Amino acid sequence: MRRAPASVRRRQLLMMVFNHAILIAISIIFMIPILFMFATALMTDTQSLSPRLVPDPFVWSNFRQVFDQIDLVRYTWNTFLYAGLSTLGVILSCVPVAYAFSRIQWRGRNVVFLLVLSTLMLPSQLTIISMYVIFARDLDWTHIQWVGTLKPLILPSFFGDAFSIFLLRQFFMTIPQELADAVRVDGGGELQILRQVIVPLSKPAIAAVGLFNFVYAWNNFYDVLVWVGENPQAQTLSLALSQFKTLHHVEWNLTMAASLLFMIPVILLFFVAQRVFIEGITLTGVKG
Amino acid sequence: MRKYAFVLMLLSPWIIGFLAFTAIPMGLSLYWSFTHYDLTSDPIWIGLSNYKFMFGIGGHADPFYWMSVKNTLWIIAFGVPLRVLFGMATAMLLTRPRRGVNGYRTLFYMPSIVPRVGSALVFVYLFNPLSGPINILLNKIPYVTAPLWFGDPRWAKPALLVLGLWGIGDAVVLYLAGLLNVPRQLYEAISIEGANAWQRFRYVTLPMLTPVIFFTVIIGVIDGFQYFDQAYIASGSATLGEPNGSLLFYGIWMYEQAFQSFHMGYAAAMAWVLFLAIMACTALLLITSRRWVHYGGGMS
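Heads up: the protein sequence lines correspond to chains A and B, in order.
Taking the numbering used here, the leading residue of the first sequence gets 25, the next gets one more, and so forth.
Taking the numbering used here, the leading residue of the second sequence gets -3, the next gets one more, and so forth.
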């Protein structure tokens, strides 16, 4: 292979340096908020109100103070309970539904699928108002007592989620029909196909659905605010953090330390599973 | 027949969920939207009064309703195009280097999955007028008076736009995937005809990206109508919509009416108008999409 002339190679090198310089500059802009949060979380409360940006001294005990001031262990447990159970529910309920929308031919399939997709347009405020009224008043005699508990956040996820059904269906569609036929030749039914072919081959999509739901629930604020806003026992981290700010609005160091403790699990999860996230989001937008 | 029983069995979680958590609540809220209902006594049928009060027909009008509509349209009108523009520009920069793309993509994507309550708090800190790093920097520039951001009705929404741009990573990932899907031959063909960089963008890149633009615009509009978390955190829970009503978005005012004032009938009416507005916008986008969205080529 002939080498490119020196002048061309020099220009390519310059272009490369230029491209990376711009991208590094943008990366720094994207990271600045995280860096400031970290720095402020380690400052004394007087320094966090001053223009000095490097912590002096480093106050690691801010994190312990957050634990002392709010029941962080309980909130973290509540958040895990909500995020974990609702993720389980979404996976269990959406895999069979997505199977029916992708691997079996039946009349009216496209119309019903359109109905599933159209629920994505539905503002959650529309249904949450009714649900709140139903459970705050009319159904009190059932003693279900949803207001003030995490139940209304967890239970519906066991009954399907439009976005997850959509994502799983998109993936199931790509699995070659021959693999299913092989199971049929051996006398297997649809359930065997689902268990032996579709689920094992769809692990990336199921993982993406699981992660998206876990992060969604972990971050969710509106529904938690409505259902358990009045009950400190059932609060999740997002709610506790929003109230922490009201109580400690001038103690930026503690507020930032609490924010950091709230964000770190999501950031760690993201770096461990970034491929799953990025492939999942690509699956939603480019196809279909 | 057995096949349909089987399909029905597979679909049963969604059917039950759709009836119990979507269809029935929607029906009930439609009924309640024609009533006065404060949860303590039975709903009283008042016909269209809630809707009339909302739109200011026949005397009484809700002064905060139109404020919330204006603020919401503002955040959509500026937020959605900015997301498309910056998302596309950042993704195009990412297609240039041969190596290290995944590292950058990871960094850009990360802020978009961080909890909104957390990122909003961080930006309230960054933008805080007295000790926030942004104003410390701005005040060093001669002849510049740093704005009060979340303390000034004129600057509160622009500050939220900046917060929104920080979480642009999911759009960047989508645009990047779209860009990598553009067949090389198209660029080669247009280059042979002597096209310059702008023409390559205008006649190849942009048309090929229209499906992704369409998707991000629809999602952006639907989310924009329901804008809540960031505004709630930025204005503080004691006084919703502060400063001076500039952060009183539709979702915020509806939340106040439903869960603080317990005007359940009025809030249900607001929710129905919101739903119809979202449907109308989506339908409008879908109809116009035939003119400007190109399917085919590298897209499936």
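Note that beta-carbon positions come from the ideal geometry of N, C-alpha and C, so glycine has one too.
Computed from a predicted model, the values in this text were never measured in an experiment.
Counting only beta-carbon separations shorter than 8 Å, does residue i have a partner in chain B?
{"i": "Ile46 of chain A", "result": "yes"}
{"i": "Ile19 of chain A", "result": "The structure shown does not extend to residue 19 of chain A, since chain A is modelled only from 25 to 312, so the question has no answer here."}
{"i": "Asn243 of chain A", "result": "yes"}
{"i": "Glu275 of chain A", "result": "no"}
{"i": "Phe286 of chain A", "result": "yes"}
{"i": "Asn237 of chain A", "result": "no"}
{"i": "Val140 of chain A", "result": "yes"}
{"i": "Ser226 of chain A", "result": "no"}
{"i": "Ile305 of chain A", "result": "yes"}
{"i": "Thr143 of chain A", "result": "yes"}
{"i": "Met40 of chain A", "result": "yes"}
{"i": "Ile153 of chain A", "result": "yes"}
{"i": "Leu150 of chain A", "result": "yes"}
{"i": "Phe82 of chain A", "result": "no"}
{"i": "Ala297 of chain A", "result": "no"}
With distances taken from CA atoms, which of the options is nearest residue i?
{"i": "Pro120 of chain A", "options": "A:Phe190, A:Asn86, A:Phe62, A:Tyr99", "result": "A:Phe190"}
{"i": "Lys269 of chain A", "options": "B:Ile109, B:Lys(-1), B:Leu117", "result": "B:Leu117"}
{"i": "Trp101 of chain A", "options": "A:Val221, A:Leu174, A:Arg193, A:Arg88", "result": "A:Leu174"}
{"i": "Asp80 of chain A", "options": "A:Gln89, A:Asp69, A:Arg127, A:Ile305", "result": "A:Asp69"}
{"i": "Pro9 of chain B", "options": "A:Leu116, A:Pro256, A:Met145, A:Pro176", "result": "A:Leu116"}
{"i": "Leu6 of chain B", "options": "A:Gln89, A:Ser266, A:Trp130", "result": "A:Trp130"}
{"i": "Leu244 of chain B", "options": "B:His56, B:Gly54, B:Phe60, B:Trp41", "result": "B:Phe60"}
{"i": "Cys118 of chain A", "options": "A:Val97, A:Ala231, A:Tyr246, A:Ser74", "result": "A:Ala231"}
{"i": "Pro143 of chain B", "options": "B:Asn131, B:Trp249, B:Ile137", "result": "B:Asn131"}
{"i": "Phe6 of chain A", "options": "B:Pro107, B:Pro125, B:Ile218, B:Lys48", "result": "For chain A, the structure presents residues 25 to 312; residue 6 of chain A sits outside this window and is missing."}
{"i": "Tyr156 of chain A", "options": "B:Met275, B:Ala267, B:Met260", "result": "B:Met260"}
{"i": "Arg315 of chain A", "options": "A:Ala241, A:Val252, A:Thr151, A:Arg127", "result": "Since the first residue shown for chain A is 25 and the last is 312, residue 315 of chain A is missing from the structure and cannot be characterised."}
{"i": "Pro256 of chain A", "options": "A:Thr151, A:Thr279, A:Val171, A:Trp276", "result": "A:Val171"}
{"i": "Tyr99 of chain A", "options": "A:Met55, A:Trp242, A:Gly304, A:Ile291", "result": "A:Trp242"}
{"i": "Gly132 of chain A", "options": "B:Phe51, B:Val3, B:Ile283", "result": "B:Val3"}
{"i": "Ala229 of chain A", "options": "A:Met67, A:Leu77, A:Thr308, A:Gly108", "result": "A:Thr308"}
{"i": "Ile58 of chain A", "options": "A:Gly304, A:Ala160, A:Arg76, A:Met287", "result": "A:Met287"}
{"i": "Asp95 of chain A", "options": "A:Ala297, A:Trp276, A:Ala258", "result": "A:Ala258"}
{"i": "Thr278 of chain B", "options": "A:Glu214, A:Thr279, A:Leu146", "result": "A:Leu146"}
Measure the C-alpha to C-alpha separation of residue i and residue j and round it to an integer number of angstroms.
{"i": "Gly147 of chain B", "j": "Leu172 of chain B", "result": "37 Å"}
{"i": "Gly165 of chain B", "j": "Phe301 of chain A", "result": "12 Å"}
{"i": "Gly96 of chain B", "j": "Leu89 of chain B", "result": "12 Å"}
{"i": "Tyr246 of chain B", "j": "Tyr223 of chain B", "result": "8 Å"}
{"i": "Gly75 of chain B", "j": "Lys153 of chain B", "result": "10 Å"}
{"i": "Ala337 of chain A", "j": "Leu192 of chain A", "result": "Because residue 337 of chain A is not part of the residues shown, which for chain A are 25 to 312, the question remains open."}
{"i": "Asn46 of chain B", "j": "Phe271 of chain B", "result": "16 Å"}
{"i": "Gly13 of chain B", "j": "Phe183 of chain A", "result": "5 Å"}
{"i": "Phe210 of chain B", "j": "Val90 of chain A", "result": "44 Å"}
{"i": "Leu170 of chain B", "j": "Gly99 of chain B", "result": "16 Å"}
{"i": "Thr86 of chain B", "j": "Leu156 of chain B", "result": "20 Å"}
{"i": "Thr18 of chain B", "j": "Leu122 of chain B", "result": "40 Å"}
{"i": "Ala124 of chain A", "j": "Leu105 of chain A", "result": "29 Å"}
{"i": "Leu133 of chain B", "j": "Phe87 of chain A", "result": "28 Å"}
{"i": "Trp288 of chain B", "j": "Gln216 of chain A", "result": "44 Å"}
{"i": "Val328 of chain B", "j": "Asp92 of chain A", "result": "Residue 328 of chain B is absent from the model: chain B starts at -3 and stops at 296."}
{"i": "Gly234 of chain A", "j": "Ser74 of chain A", "result": "43 Å"}
{"i": "Gln267 of chain A", "j": "Trp145 of chain B", "result": "21 Å"}
So, under 8 Å CB-CB, residue i and residue j are touching, yes? Tell me the CB distance rounded to an integer number of Å.
{"i": "Thr141 of chain B", "j": "Val178 of chain B", "result": "Between Val178 of chain B and Thr141 of chain B the Cβ distance is about 46 Å, and since that is not below 8 Å, they are no contact."}
{"i": "Leu263 of chain A", "j": "Leu249 of chain A", "result": "6 Å"}
{"i": "Trp28 of chain B", "j": "Ala254 of chain B", "result": "With a Cβ gap of about 11 Å, Trp28 of chain B and Ala254 of chain B do not count as contacting."}
{"i": "Ile215 of chain B", "j": "Val239 of chain A", "result": "Ile215 of chain B to Val239 of chain A, Cβ: 16 Å. No contact."}
{"i": "Trp162 of chain B", "j": "Ser115 of chain B", "result": "7 Å"}
For chain A, find out if any of its Cβ atoms is closer than 8 Å to the Cβ of residue i; answer yes or no.
{"i": "Ser187 of chain B", "result": "no"}
{"i": "Met88 of chain B", "result": "no"}
{"i": "Gln195 of chain B", "result": "no"}
{"i": "Trp145 of chain B", "result": "no"}
{"i": "Val3 of chain B", "result": "yes"}
{"i": "Val65 of chain B", "result": "no"}
{"i": "Val80 of chain B", "result": "no"}
{"i": "Pro107 of chain B", "result": "yes"}
{"i": "Leu6 of chain B", "result": "yes"}
{"i": "Ser45 of chain B", "result": "no"}
{"i": "Ile71 of chain B", "result": "no"}
- Message: Counting only Cβ-Cβ distances shorter than 7 Å, please list the residues of the stretch 158 to 184 of chain B near chain A, keeping chain order.
- Response: Result list: Trp162, Asp166, Val169, Leu170, Ala173, Gly174, Asn177.
- Query: What residues in the stretch 235 to 251 of chain B bring their beta carbon closer than 8 Å to a beta carbon of chain A?
  - Reply: The residues in question are Gly247, Met250, Tyr251.
- Task: Scan the stretch 188 to 202 of chain A for residues whose Cβ lies nearer than 9 Å to a Cβ of chain B and list them as they occur along the chain.
- Result: If the cut-off is 9 Å between Cβ atoms, the stretch 188 to 202 of chain A has Ile189 near chain B.
- Any residues in the stretch 210 to 235 of chain B with a beta carbon nearer than 8 Å to a beta carbon of chain A? Which ones, in chain order? Listed by position along the chain: Phe211, Thr212, Ile218, Phe221, Gln222, Phe224, Asp225, Tyr228, Ile229, Gly232, Ser233, Ala234.
- Members of the stretch 119 to 136 of chain B that neighbour chain A once the beta carbon cut-off is set at 8 Å: Here the close residues are Phe119, Val120, Tyr121, Leu122, Asn124, Leu126, Ser127, Pro129, Ile132.
- Return the residues of the stretch 89 to 120 of chain A that lie within a Cβ-Cβ distance of less than 7 Å from chain B, sorted by chain order. Listed in sequence order: Ser117, Pro120.
- With 7 Å as the limit, tell me which residues of the stretch 30 to 42 of chain B have their beta carbon closer than that to any beta carbon of chain A; keep them in chain order. The stretch 30 to 42 of chain B vs chain A, Cβ under 7 Å: Leu35.
- Check distances from the C-beta atoms of the stretch 66 to 79 of chain A to those of chain B and list, in chain order, the residues that come in under 8 Å. The stretch 66 to 79 of chain A vs chain B, Cβ under 8 Å: Ser72, Leu73, Ser74, Pro75, Leu77.
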